[in-house]
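This report refers to the structure that appears directly beneath it.
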Ligand SMILES: Cc1cc2nc3c(=O)[nH]c(=O)nc-3n(C[C@H](O)[C@H](O)[C@H](O)COP(=O)(O)OP(=O)(O)OC[C@H]3O[C@@H](n4cnc5c(N)ncnc54)[C@H](O)[C@@H]3O)c2cc1C
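Residue numbers (this note's numbering): 5 to 401.
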C-alpha cells in the first residue's frame with residue numbers, strides 16, 4: 005500500500021523511537037567504521053547513491069569491491085538533464101533539493117568540494133493557486149504551500165534549501181571518479197544466488213551471461229526492478245516483499261524558452277498549482293537569456309501524464325503554463341519529459357519498505373526504500389553506510 009509522506013514521517017518517527025534511537029544517531033552510528041576483520045570480496049549491485057557510497061567506503065576500508073551497473077552512467081535516480089537544452093542549460097530529472105538537516109548528503113558534498121547555491125531565488129514573485137485565487141507571493145509563499153501540502157520536511161524557510169551548482173549529478177560523478185575501473189557499466193544483473201561458501205551474481209555483458217563470485221553481495225537495485233531478477237537464494241517471504249512493494253509515480257515536463265518572459269512580469273517562474281503540482285525555474289541561477297520552466301507532478305497526476313505521448317505531455321503543459329505566465333507559447337523553443345514509471349532501471353520514483361536490511365546470508369540490501377529517509381539522497385546514503393557496517397562485521401565461515 006502506498007503511504008503519504010505524512011504517514012511515512014509518523015511511522016518512521018515511531019519506529020525510530022521504538023528502536024530507542026533518534027535520527028541523528030542513525031546516521032551518526034555508521035560514520036565511524038573501522039575494518040573489523042580480513043578484507044572481503046564484495047559485489048555491489050547498482051551505482052546509485054546507496055551503491056556508490058557503500059563501494060567508496062568499503063574500498064577505503066580495504067575491501068575488494070566491484071560494482072555492476074545496468075546503465076551507462078552512475079547516479080541512478082540522480083540524473084541531470086543537459087540534453088536537449090541549449091547554451092549549457094540543465095535541469096534535474098531526479099534529486100534536486102538538499103535541506104539543511106541532511107547531514108550525510110552535506111558531508112559528501114563537502115568531502116568532494118562541490119559548490120552549493122540557494123535552491124530558491126530571493127527576488128521576484130512566485131505564483132500560488134492553491135488558495136482559490138491566483139496570487140503573486142514572495143518565495144516563502146511557495147514554501148508555505150509546500151509545508152501545507154507535504155509537511156515541514158518539504159517546506160519551511162526557503163533559505164534552508166540548497167542545490168549543487170552545475171547539477172546534482174556532480175555528486176554521484178565524484179564518487180564514480182574515485183571508484184573508476186571498479187564500476188562495470190552496461191552490466192544488468194539477472195540472477196543472484198548463494199551457498200554456504202560464496203555468493204554468485206549473473207549479469208549480462210554485451211548480451212552474454214557472465215558470473216562473478218564474492219564473499220558478500222550488496223544489492224541496491226530498486227525492488228520495482230529487482231522483482232524481475234532471479235532470486236533462488238531468497239525465502240518466499242522476502243521475494244513477496246520485493247514483489248509487492250509499490251513505487252510512486254513522478255512526472256516532470258520541461259519547456260525551454262527563448263527568453264525568461266516571466267521575469268518581465270515580476271515573476272521568478274516558481275508556482276504551486278491547485279492540483280499540488282510544483283512549477284520550478286531551474287535556470288534562474290544559470291546564464292540567460294534562455295530559460296526553462298518545469299513541472300513536478302506526484303502520484304495522482306503523474307500517472308495521467310505518463311499515459312500521454314511525449315508531444316502531448318509537452319503540448320498540455322505548454323497550454324497550462326501559458327495560461328499562468330502568459331506569452332510562453334511565443335517564446336517556447338523545445339520540450340522534454342521524464343516519467344519515472346517508464347524508466348527501465350527504476351520503474352518508479354521511490355518507495356518505503358522499512359529500516360531493516362532484509363539481509364539473507366551473504367546477500368545484503370540497501371537503497372532509499374530501506375531507510376528512514378525514503379525519497380531522499382540522505383536515505384540512500386544512510387542505508388549504504390548501514391550496509392558497509394554490516395558487511396565489514398560479517399564473519400566469514
Ligand atoms: C523525481 C525525484 C525527485 C527527487 N528529489 C530529491 C531531492 O530533491 N533531494 C534528494 O535528496 N533526493 C531526491 N530524490 C531521491 C533520490 O534521488 C533517491 O532517493 C536516491 O537517488 C536513490 O538512490 P538509490 O541508490 O537508493 O537508488 P537508485 O538511484 O535507483 O540506484 C539504483 C541503481 O541500480 C541500477 N540498477 C537497476 N537495475 C539493475 C540491474 N538489474 N543490474 C544492475 N544495476 C541495476 C540503477 O540503474 C541505479 O543506478 C528524488 C528522486 C526522484 C525520482
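Just so it is clear, CB atoms sit at the ideal spot from N, CA and C, and this is done for glycine as well.
Proximity test, residue i beta-carbon vs ligand 1 heavy atom, cut-off 7 Å
i	result
residue 284	no
residue 344	yes
residue 224	yes
residue 109	yes
residue 371	yes
residue 254	yes
residue 101	yes
residue 328	no
residue 298	no
residue 46	no
residue 381	yes
residue 331	no
residue 74	yes
residue 275	no
residue 317	no
residue 204	no
residue 81	yes
residue 49	yes
residue 490	Residue 490 is absent from the structure shown; the chain starts at 5 and stops at 401.
Neighbourhood of residue i by C-beta, 6 Å cutoff - its chain only, sequence neighbours within 5 removed
i	result
residue 177	none
residue 343	255, 310
residue 385	53, 57, 108
residue 357	249, 373, 374
residue 378	354, 356, 372
residue 5	Caution is warranted here: a pLDDT of 29 is assigned to residue 5, below 50, making its placement in the model unreliable, and the coordinate value is therefore given only provisionally. None.
residue 237	197, 198
Delimiting residues of the beta strand (DSSP E) encompassing residue i
i	result
residue 368	367 to 369
residue 129	129 to 132
residue 221	220 to 223
residue 198	193 to 198
residue 275	271 to 276
residue 140	139 to 141
Alpha-carbon spacing of residue i relative to residue j, whole angstroms
i	j	result
residue 391	residue 369	7 Å
residue 383	residue 212	34 Å
residue 113	residue 346	29 Å
residue 121	residue 287	12 Å
residue 337	residue 91	13 Å
residue 393	residue 320	48 Å
residue 313	residue 304	18 Å
residue 274	residue 146	8 Å
residue 161	residue 366	44 Å
residue 74	residue 231	15 Å
residue 260	residue 168	21 Å
residue 35	residue 389	Per-residue confidence for residue 35 stands at a pLDDT of 46, beneath the threshold of 50, marking its modelled position as unreliable; no derived number is given.
residue 264	residue 296	8 Å
residue 134	residue 150	10 Å
residue 71	residue 138	50 Å
residue 267	residue 142	14 Å
Nonlocal neighbours in the same chain, by C-beta distance under 7 Å from residue i, ignoring five residues either side
i	result
residue 395	44, 46, 62, 220, 222, 368
residue 60	179, 182, 183
residue 98	81, 82, 83
Bridge-paired residues (DSSP) for residue i
i	result
residue 262	Answer is none; residue 262 lacks a bridge partner.
residue 337	According to DSSP, residue 337 bridges with nothing at all.
residue 209	212
residue 95	85
residue 298	258, 284
residue 203	198, 218
residue 321	Partner(s): none; residue 321 has no beta bridge.
residue 166	102, 122
Residue interval of the alpha helix (DSSP H) (run including residue i)
i	result
residue 82	It is not in any alpha helix (DSSP H) - residue 82 carries neither H nor E in the DSSP assignment.
residue 76	Note, residue 76: premise wrong, no alpha helix (DSSP H); not H, not E.
Cβ neighbours of residue i in the same chain (closer than 8 Å, five flanking residues each side left out)
i	result
residue 144	161, 162
residue 293	262, 263, 264
residue 85	94, 95, 96, 97, 258, 340, 342
Residue i beta carbon near ligand 2 (any heavy atom closer than 7 Å)
i	result
residue 175	With respect to ligand 2, the structure shown offers nothing to examine, as its ligands consist of ligand 1.
Any C-beta of chain D under 8 Å from that of residue i
i	result
residue 345	The structure shown contains no chain D; it holds only a single protein chain.
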